[in-house]
Amino acid sequence: MNRLLALVKREFWENKGAFRTTPLVIGGIFLAAMVMFLITFNHFDNEFQSLKELTRFIAQTDVALRDKVLYEINLSMSVIFSMVLAFVVFFYLLGSLYDDRKDRSILFWKSLPASDTLTIGSKLLSAMVVAPLIFWVVYVLTHIVIMLLFSVVIMTLGENPWTLMLSLGSPFKAWSLVLASYFAQAIWALPLYGWLILVSAFAPRIPLLFAILPPVVLGVLELWVDFLKTFTLNDNLFGLFGKWFANSPLIMSADSHGDEFGVALGAPITSDFDHQVTVANMLDRLFSSDMLINLAIAAVFLGAALWLRRRATES
Amino acid sequence: MNNVIEARGLTKRYRSTVAVDNIDLQIPAGRIVGLIGPNGAGKTSALKAILGLATYEGELTVLGKSPSRDRASLMEDVCFIADVAVLPRWIKVWQLIDLTEDIHPKFSREKCMKYLSTTKVTLDHKVKQLSKGMVAQLHLAIVMAIDVKLLVLDEPTLGLDILYRKQFYTNLLNDYFDEERTIVITTHQVEEVEHILSDLIFIKDGRIALDCSMEDVQESYAELMVAPDKAAAARQLKPLYERELFGRHIFLYENADREQLKTLGELHTPNVADLFVATMNGGAS
């Protein structure tokens, strides 16, 4: 256990820039954008003459509607963090078993009494737990700072920030849902993570190319075979990978649920699952037969990666 | 279990070539063994098998364990430096020490700091900021602070200048080595290690060309320097190898009658480099 933690610590140190600095920069950009908005609002030619007017107008809107809109804003603020997190994890895993082979420091790591299984476990743990957790914490902190900032502004404009916004929008629920979706997505994405680790274990060079080429070829083949079978391109453009992506339990798009419009899990173009953002819908995906196939694929990829890692110092 | 390393029929094949060809090897505890051979002779392949870094055929036990199956647990008692400068370049010295302490149960931070205090390496340095010599010093400090039974050094000083090389081996001998420990070294710079070695193993084309202790070398091998007029007589005594230096002929003999040799010229104990050249060029068994 200590060894695993030490190895995870190692991953964090090596990827501090990606894991810690990146979300902080996003948070900083958010804050900067807010401040810029507050400063320049009065200069826009819009229907409200001043921020004060805008605040008063908002204060007079229906509470239930305000609650709903704030809740959706809270959730949608996570999207930019989630997207960048996906990129960070993608490239982190792509280099996970590749970088130390390239600079030969694998010879040092292999001289420590830590097994290859533990090493791969530490990489997976960093991608599934450590990175999402850090991004989530920064997302929450950014949110809190923005709320404080707006509270001060609202107070100086003579309104009550508590009744105007702080008591609305269920921030805790939004944060919890985002965190839950990060972990659900980490599990849902296991075949991709396994594939990236496998590529990083075997790619002699340019792992990105090796990671992207096979799925693209497979996707095109699938498309072609479907076309041959049906002679239409009707909803076949949407292959295996597209379906997997669209069913992700991660907040990344918007959709109308009944008569309400709001953020959605995955892309609401499949009807396999409900895309509304609830924990039940996330669990629905994780306990589906699709997930079972995902896990089996991930296990094969990870097993192969382990086999390769054992032989990485062969020549 | 007296032998730290025991191999029987150890073989390593790469697709078409045989890098290690059916080697038998016994290395007891408390020795400093020089594993010496030309490039591509199979030294590194043999070491990789011993360290669990590569697959192999044949029987091999290191400290009673199978390297291919138990690499991780074996590394609690075995340490190695494979080549200079394989420390991760992004890491800071304090992080490296922290990690080693967390992962290695036999690492002593105090010892490591003591060794480091004699160098210019500081805790806040990143490895990539260090010179090649300093990286080697850092790696050696870490390795010497780990209380293991077997230390394997594969070309640990390649590309370092002579000051670092000398100091490297001095530290190793004075501060680290004792009767319980075994050190296996491969290097091209034979002259620099020969005075610290207790045993010699020559490898040629994947086979062991010579395996003996340094005392055996002194006992069995003799180098004779003769004037040109006695060369023919000396040649009749079946030397292993002959070379010429400043007009004099130098012959190397194995198990020859020393009294008889003395009548022909000057007798010396051959140095390891000469013995190596003779073994590689001649047909010594």
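Read top to bottom, the protein sequences are chains A and B.
Our numbering applies: residue 0 is where the first sequence begins, and numbers increase by one.
Our numbering applies: residue 2 is where the second sequence begins, and numbers increase by one.
The C-beta atom is built at its ideal place from N, Cα and C for all residues, glycine as well.
Worksheet item: Exposed or buried, which one is B/Tyr57 when buried takes at least 16 other CB atoms within 10 Å?
Response: buried
Worksheet item: Assuming B/Leu174 contacts B/Ile197 under a Cβ cut-off of 8 Å, what Cβ separation, rounded to an integer in Å, is found between them?
Response: 5 Å
Worksheet entry | Inter-residue Cα distance where the pair is B/Ile202 and A/Arg310 | 27 Å
Discussion item. If contact is defined by three or more beta carbon pairs under 8 Å, each pair taking one atom from either stretch, is the region 154–163 of chain B in contact with the region 98–114 of chain B?
Written reply: No: the two stretches stay apart, fewer than three of their Cβ pairs being nearer than 8 Å.
Worksheet entry | Any 3 or more C-beta pairs closer than 8 Å across the region 116–135 of chain A and the region 163–173 of chain A | no
Worksheet item: Skipping 5 residues on each side, what residues in its chain have a beta carbon closer than 7 Å to that of A/Leu317?
Response: Past the edges of chain A, shown from 0 to 314, lies residue 317 of chain A, and the structure says nothing about it.
Discussion item. Given this structure, state the Cα-to-Cα distance separating B/Glu7 from B/Ile147, to the nearest angstrom.
Written reply: 23 Å
Discussion item. So, at 7 Å on beta carbons, what are the nonlocal neighbours of B/Lys231 in its own chain, with the 5 sequence-adjacent residues on each side left out?
Written reply: Leu265 and Gly266
Worksheet item: From the beta carbon of A/Pro112, is the nearest beta carbon of chain B less than 7 Å away?
Response: Answer yes: the Cβ-Cβ gap between A/Pro112 and chain B drops below 7 Å somewhere.
Discussion item. Just verifying my parser: in three-state terms, what is the DSSP assignment at B/Leu211?
Written reply: strand
Item to complete: Check the Cβ-Cβ distances between A/Phe260 and every residue of chain B, and say whether any is below 7 Å.
Response: With its beta carbon at least 7 Å from every one in chain B, A/Phe260 lies outside the interface.
Worksheet item: How long is the line joining the alpha carbons of B/Val34 and B/Gly53, rounded to whole angstroms?
Response: Spanning the two alpha carbons is a distance of roughly 19 Å.
Worksheet item: Which class does A/Met251 belong to by DSSP, given the choice of helix, strand or coil?
Response: strand
Discussion item. Using a Cβ-Cβ cutoff of less than 7 Å, which residues in the same chain neighbour B/Ala234 once the five nearest sequence positions on both sides are dropped?
Written reply: Leu265
Discussion item. If we define contact as Cβ-Cβ less than 7 Å, is A/Thr312 a contact residue for chain B?
Written reply: The beta carbon of A/Thr312 falls within 7 Å of a beta carbon belonging to chain B, placing the residue at that interface.
Worksheet item: What does B/Tyr177 touch in chain A if you count any residue whose Cβ is under 7 Å from its own?
Response: In chain order: nothing, as chain A lies at least about 16 Å away.
Worksheet item: When the Cβ atoms of the region 130–143 of chain A are set against those of the region 172–190 of chain A, are three or more pairs found closer than 8 Å?
Response: yes
Discussion item. Cutting at 7 Å between CB atoms, please list the residues of its own chain near B/Val191, excluding the five before and the five after it.
Written reply: Ile37, Val273, Ala274 and Phe277
Fill in: Three-pair Cβ contact test at 8 Å for the region 207–227 of chain A versus the region 247–263 of chain A
no
Worksheet item: What is the residue span of the beta strand (DSSP E) that B/Gln237 lies within?
Response: Counting along the chain, B/Gln237 falls outside any beta strand (DSSP E), though it belongs to the alpha helix (DSSP H) covering Ala232 to Gln237.
Practice prompt. Just the C-alpha distance for A/Leu291 and A/Ser49, rounded to the nearest angstrom, thanks.
Written response: 55 Å
Worksheet item: What's the call for A/Ile211, buried or exposed, on a 16-neighbour Cβ count within 10 Å?
Response: It counts as exposed.
Worksheet item: Tell me the DSSP bridge mates of B/Lys66?
Response: B/Val63
Discussion item. Using beta carbons (cut-off 7 Å, strictly below), is A/Leu92 in contact with chain B?
Written reply: Chain B, which has no Cβ nearer than 7 Å to the Cβ of A/Leu92, makes this no.
Worksheet item: Contact check, B/Leu61 vs B/Ile51 under 8 Å by CB: the rounded distance?
Response: 7 Å
Worksheet item: Three-state secondary structure (DSSP) at B/Phe178?
Response: coil
Practice prompt. Can you tell me which of B/Asn4, B/Arg14, B/Gly43 and B/Leu141 puts its alpha carbon nearest to the alpha carbon of B/Ala210?
Written response: Per the Cα distances, B/Gly43.
Item to complete: Starting from A/Gly27, trace the beta strand (DSSP E) both ways and give me its first and last residue.
Response: From DSSP, A/Gly27 is part of no beta strand (DSSP E) but of the alpha helix (DSSP H) over Thr21 to Thr39.
Discussion item. On the DSSP letters alone, give me the boundaries of the alpha helix (DSSP H) that B/Tyr116 sits inside.
Written reply: Arg110 to Ser118
Practice prompt. Starting from the N-terminal side, write out each stretch of the beta strand (DSSP E) that is 3 residues or longer and does not extend beyond the region 119–185 of chain B.
Written response: 151–155
Discussion item. Excluding the 5 residues flanking B/Val19 on each side, which residues of the same chain have their C-beta closer than 8 Å to its C-beta?
Written reply: Within its own chain, the residues whose Cβ lies closer than 8 Å to the Cβ of B/Val19, once the five positions on either side in sequence are excluded, are Thr12, Lys13 and Gly207, listed in chain order.
Discussion item. Only counting the same chain, and skipping five residues up and downstream in sequence, which positions put a Cβ closer than 6 Å to that of B/Val227?
Written reply: Ala235, His250, Leu265 and Gly266
Fill in: Residue-chain proximity (A/Asn14, chain B), Cβ-Cβ < 7 Å
no
Worksheet entry | Integer Cβ distance of A/Asp102 from B/Arg90, believed to fall under 8 Å | 6 Å
Worksheet item: Taking 7 Å as the CB-CB cut-off, is B/Glu193 touching chain A?
Response: no
Worksheet entry | chain A residues whose Cβ lies nearer than 7 Å to that of B/Gln96 | Trp12
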